[in-house]
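Reviewing the structure listed below.
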Amino acid sequence: MSIEYGPRPLRITLTAIVVLVLGALMAVGGGYLATLGGSWYYLVAGIGLLVVAALLFLRHRAAIWLYALLLLGTLAWTVYEVRFDWWQLAPRIDLWCILGLWLILPFVNRYVDDRLVWRDGASGLLGLGLLAGALMAGYSLTQDYSSIQGEFSDAQMQGASPDGQAGRSASGWPAYGGSAQGDRYSAADLITPENVGTLEKAWEYHTGDLPGPNDPGEFTYEVTPLKVGDNLFICTPHSIAIALDADTGEERWRFDPSINRDAEYYQHMTCRGLAFHDATAYGAGAPAQPDQPTARCERRLFLPTNDSTLIALDVEDGKPCEDFGDGGVVDLKAGLGEGALGVYLPTSPPVVTEKLVIVGGSVTDNGAVDSPGGVIRAYDVRNGRLMWNFDPGNPDATEPLAPGETYVRSTPNSWTVATADESLGLVYIPTGNQTPDQWAEPRTPEAERFTATLVALDLETGKVRWEFQTVHHDLWDRDLPSQPTLVDIDGPQGKVPAIIQPTKRGDLYVLDRRTGKPIVPVEEFSVPQGTDYGDFTAPTQPASALSYAPDEPLRERDMWGGTPLDQMMCRIQFRKLRYDGDFTPPSQKGSLIYPGNVGTFNWPSVAVDPSRQLLFGAPNYLAFVSTMVKRSEVDPDERSGGGETGLQPNLGAPYMVRLGPLLSVLGLPCQTPPWGYVTAVDLRTMKKIWMHKNGTSRDSAPLGIPLPVGTPALGGPIVTAGGVAFMSGTLDYYLRAYDMQNGKELWKGRLPAGGQATPITYVSEKTGKQYVVQMAGGHGSFGTKIGDSVIAWTLDEGEK
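The sequence shown stops at residue 800 when you use full-length UniProt numbering, and every number in between is there.
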């Protein structure tokens with residue numbers, strides 16, 4: 001018996017067209033993916049949708065039957081691939097469940113044929129599929145495959161060792177890392193897990209320093225304030241030093257060095273902080289009496305500027321110290337040869353010891369084969385005279401360079417913050433790459449030796465005392481980005497003087513800081529081999545037994561998206577790239593680099609509580625793509641807009657390199673979240689105790705939807721004697737407080753711009769209040785909103 005069909009309602013026609021378009025996209029994309037060796041699901045689903053569309057045009061009831069089977073098959077395939085992981089499950093089924101809900105609605109479903117049937121077997125099967133999808137989604141919200149649930153014991157949290165408090169003052173933050181140890185720890189204990197929820201804004205200050213017309217894309221506020229006496233000291237991206245009242249935020253003085261704005265600052269415009277030196281603390285001058293000011297420049301600040309100078313300023317008035325260098329200024333371009341301005345950038349504060357101020361600098365990544373060298377120089381802290389220089393290209397010649405001579409060109413540089421142990425007479429220098437990062441043909445044996453290496457230099461002479469390399473023949477921009485932290489670790493035979501060096505790969509190298517020998521085991525492992533552009537790869541790479549490197553390589557099923565369609569396109573991207581796991585070499589077809597250039601750890605480093613013997617960190621997981629491009633094949637008008645993504649020039653090399661995160665067509669990361677965590681390690685056992693995703697999509701998703709995806713962070717953590725850790729830096733604009741015992745988020749304060757900086761905390765000697773201060777100025781290449789706010793919070797008056 002034949003069925004006579006009447007006129008097709010418009011809603012059925014439109015539904016058929018939508019399904020036809022979706023089916024065509026899935027079939028074409030799925031077919032291409034299958035030819036690349038990828039999943040067949042998308043091709044099969046696409047063909048099935050095309051058949052459903054045809055049946056809908058015909059108003060045949062089989063359309064509902066077939067769609068129900070497709071939905072059930074998709075649910076089964078999803079569980080097979082990702083189990084019940086919400087963030088991977090949702091984009092695989094969301095679009096199909098929405099379409100299924102539309103098809104089951106009576107005013108659509110009953111018009112699929114002339115019988116106006118709704119409650120039949122087809123609808124029942126589709127309803128079963130929708131119910132299964134809802135149950136799967138609900139159950140997946142209760143599952144967490146990526147976190148570590150745990151906590152430190154009450155005894156460990158309460159039994160703070162007096163050794164960790166030695167020389168600590170709750171009222172100060174005199175160094176970038178909080179102290180000479182670089183541990184980002186404060187003895188302040190007024191803010192606790194019990195009262196941190198009552199924090200309220202105390203004051204806000206605006207620097208007034210915002211991007212100018214000629215500034216690079218990577219205009220950043222990464223500054224960590226210093227707290228000395230009742231002053232806060234900050235620097236801005238244009239190298240302006242500012243002193244604020246630590247209780248009110250009122251500006252006390254401002255020094256603008258008027259940096260050379262005509263230079264081409266192709267990559268960076270930032271200042272991570274100043275360094276402080278107190279001559280009276282070493283007995284070089286008589287300590288000031290309460291009613292007597294210190295002598296001029298007895299206490300001084302050192303300001304690194306983007307036009308390659310180092311300036312000494314009097315703490316009291318911000319004016320240059322005339323006895324340092326030439327009227328308070330040392331020209332860091334001296335000895336660097338041609339092209340230093342705008343290329344050699346001392347973006348991080350120097351290290352200050354009793355006698356020396358030791359400074360390194362960033363050299364523009366992937367700028368040119370012939371670039372200034374990465375020399376480390378030590379100047380007399382009082383008069384600015386050059387005392388020694390460590391030239392990675394000529395490491396044994398540490399005597400001061402003679403006038404007219406130049407340092408070896410294009411050597412590994414140290415752009416991050418170093419740490420010194422004056423009791424051992426050592427300064428620890430984390431080094432980076434010789435530029436360019438991915439083109440390594442010009443590298444000398446000396447450059448290979450000091451690439452991505454923690455180098456311990458003698459404070460008196462600048463000679464190498466020991467070295468520890470973390471990457472061999474680095475082709476991945478895996479320089480050492482983090483300040484090393486000094487901590488005495490409780491061991492079976494007592495305290496062991498250790499140094500902890502975080503890396504972009506995610507390793508935490510724990511070494512004896514006297515010798516450089518590993519305390520936590522380090523092993524070499526085999527890595528992918530071979531390049532297609534004439535370079536070579538090291539056969540093995542080192543790895544620490546304490547590591548946040550990804551446990552497994554990325555797989556096609558780890559590709560992500562907001563819908564099945566953009567997820568399919570990410571799978572296609574994945575299959576087209578070269579990827580053999582960690583340390584896959586760059587290639588002309590494009591290589592997947594994971595962890596990517598941002599690294600698992602970057603300049604924010606980690607925070608260590610020396611009393612409780614715990615480490616707090618914020619690892620990131622974001623894949624990048626590295627593509628080598630023949631210079632002869634590049635459009636001369638194509639150029640990166642500044643920063644470290646896009647097409648990089650590599651002047652003087654036959655290949656340029658195109659760098660960027662692995663993103664979908666919607667601009668979302670192609671790999672599944674979470675992309676950022678907070679975590680803690682027990683340093684007595686070297687075990688990870690807890691790890692939780694961190695950050696939401698509030699400021700990066702449409703409509704400000706605050707999905708708890710766990711976002712990348714570029715802002716440092718601090719820990720306190722009160723048992724609370726603080727950190728900003730996520731893609732959403734918050735300063736957060738965490739319970740150090742279990743990692744639970746206790747409070748968050750809204751920021752007016754990105755918080756890509758490390759906060760500080762201190763107890764005011766005037767008011768007795770504990771303040772937490774955060775720079776909220778944003779980060780150009782990280783994509784957060786630019787601002788100029790310094791904000792302080794303190795406890796509600798009733799909760800002190």
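By construction, the Cβ of each residue, glycine as well, lies at the ideal position given by its N, Cα and C atoms.
Neighbour-count burial assignment, P287, 16 or more Cβ in a 10 Å radius: No answer about P287 holds up, because its pLDDT of 45 lies below 50 and its placement is not dependable.
Which parts of the segment 223-265 are runs of the beta strand (DSSP E), unbroken and 3 residues or longer, counting only runs that do not cross its ends? The qualifying runs are 226-228, 231-235, 241-245, 251-255.
Which residue comes first and which comes last in the beta strand (DSSP E) that contains S626? That run of the beta strand (DSSP E) goes 624-630.
Going by DSSP in three states, V471 sits in which element: helix, strand or coil? Coil, per DSSP.
If we ignore side chains and look at the alpha-carbon of each, how far apart do N650 and L659 end up? Per the coordinates, the alpha-carbon of N650 lies some 12 Å from the alpha-carbon of L659.
Output needed for W65: all residues of its chain with C-beta closer than 8 Å, excluding positions within five of it in sequence on either side, in chain order. G121, A122, L125, listed in sequence order.
Under the DSSP definition of a beta bridge, which residues are partnered with V678? The partner list for V678 (beta bridge, DSSP) reads H692.
Check whether the Cβ atoms of G48 and L69 sit closer than 9 Å, and answer yes or no. Yes; because the gap between Cβ atoms is below 9 Å, this pair is in contact.
Which runs of the beta strand (DSSP E), 3 residues or longer, sit entirely within the segment 317-377? You should have 329-331, 356-359.
With DSSP run on the structure shown, which of helix, strand or coil describes G285? In this prediction, G285 scores a pLDDT of 46, lower than 50, which makes its location untrustworthy; the coordinate-derived value is nonetheless stated afterwards. G285: coil per DSSP, three-state reduction.
For W793, write down the residues that DSSP places opposite it in a beta bridge. The bridge partners DSSP lists for W793 are K201, V772.
Does the segment 556-576 come into contact with the segment 462-473, if we say contact requires no fewer than three beta-carbon pairs (one atom in each stretch) closer than 8 Å? Contact between the segment 556-576 and the segment 462-473 is not established, with fewer than three Cβ pairs separated by less than 8 Å.
What are the boundary residues of the alpha helix (DSSP H) that includes T78? Counting along the chain, the alpha helix (DSSP H) containing T78 begins and ends at 62-82.
Taking 9 Å as the threshold (C-beta atoms), are G715 and P619 in contact? No, they are not a contact pair.
Straight-line CA distance for E524 to Q434? Annotation: E524 to Q434 spans about 23 Å, alpha carbon to alpha carbon.
Please determine, among T531, L622, E644, the residue with the shortest C-alpha to C-alpha distance to E441. Of T531, L622, E644, the residue nearest in Cα terms is T531.
Sheet register partners of F726 (DSSP bridge): By DSSP's assignment, F726 forms a beta bridge with I718, A737.
Per DSSP, what kind of secondary structure is F450 in: helix, strand or coil? Collapsing the DSSP output to three states places F450 in a helix.
Could you please give me the residues that DSSP links to G660 through a beta bridge? In the DSSP output, where bridge partners are listed per residue, G660 has V625.
Cutoff 6 Å; reference W40; Cβ partners in own chain excluding five residues on either side: Correct list, in chain order: A34.
So for Q613, helix, strand or coil by DSSP? Taken through DSSP and simplified to helix, strand or coil, Q613 comes out as coil.
By alpha-carbon positions, which one of E354, I489, S410 ends up nearest to S423? Nearest C-alpha to S423: E354.
Given a cut-off of 9 Å, decide if S764 and Y205 are closer than it, judged by their beta-carbon atoms. No; because the gap between Cβ atoms is not below 9 Å, this pair is not in contact.
Quick check on the burial criterion: 16 or more other C-beta atoms within 10 angstroms. Buried or exposed for T398? The residue is buried, with at least 16 neighbouring Cβ atoms inside 10 Å.
For G121, which three-state DSSP category applies? When secondary structure is reduced to three states using DSSP, G121 falls in the helix class.
Beta carbon of S728, beta carbon of T758: below 9 Å? Contact: yes.
Around the Cβ of I718, are there at least 16 other Cβ atoms within 10 angstroms (buried) or fewer (exposed)? That one is buried.
By Cβ distance below 7 Å, which residues in the same chain neighbour W690 in space, the five residues on each side in sequence not counted? Cβ neighbours of W690 within its own chain (closer than 7 Å, five residues either side excluded): I148, Q149, G150, E151, T679, A680, N742, G743.
In the DSSP assignment, what are the bridge partners of E524? Answer is P542.
Alpha helix (DSSP H) segment containing W96, residue limits: W96 -> alpha helix (DSSP H) spans 86-104.
From the DSSP secondary-structure annotation, give me the bridge partner or partners of Y762. Answer is Y771, bridged to Y762.
I believe L401 touches P350 by the beta-carbon criterion, under 8 Å. Please report the beta-carbon distance rounded to the nearest angstrom. Taking C-beta atoms under 8 Å as the contact rule, L401 and P350 fail to qualify, at a distance of about 18 Å.
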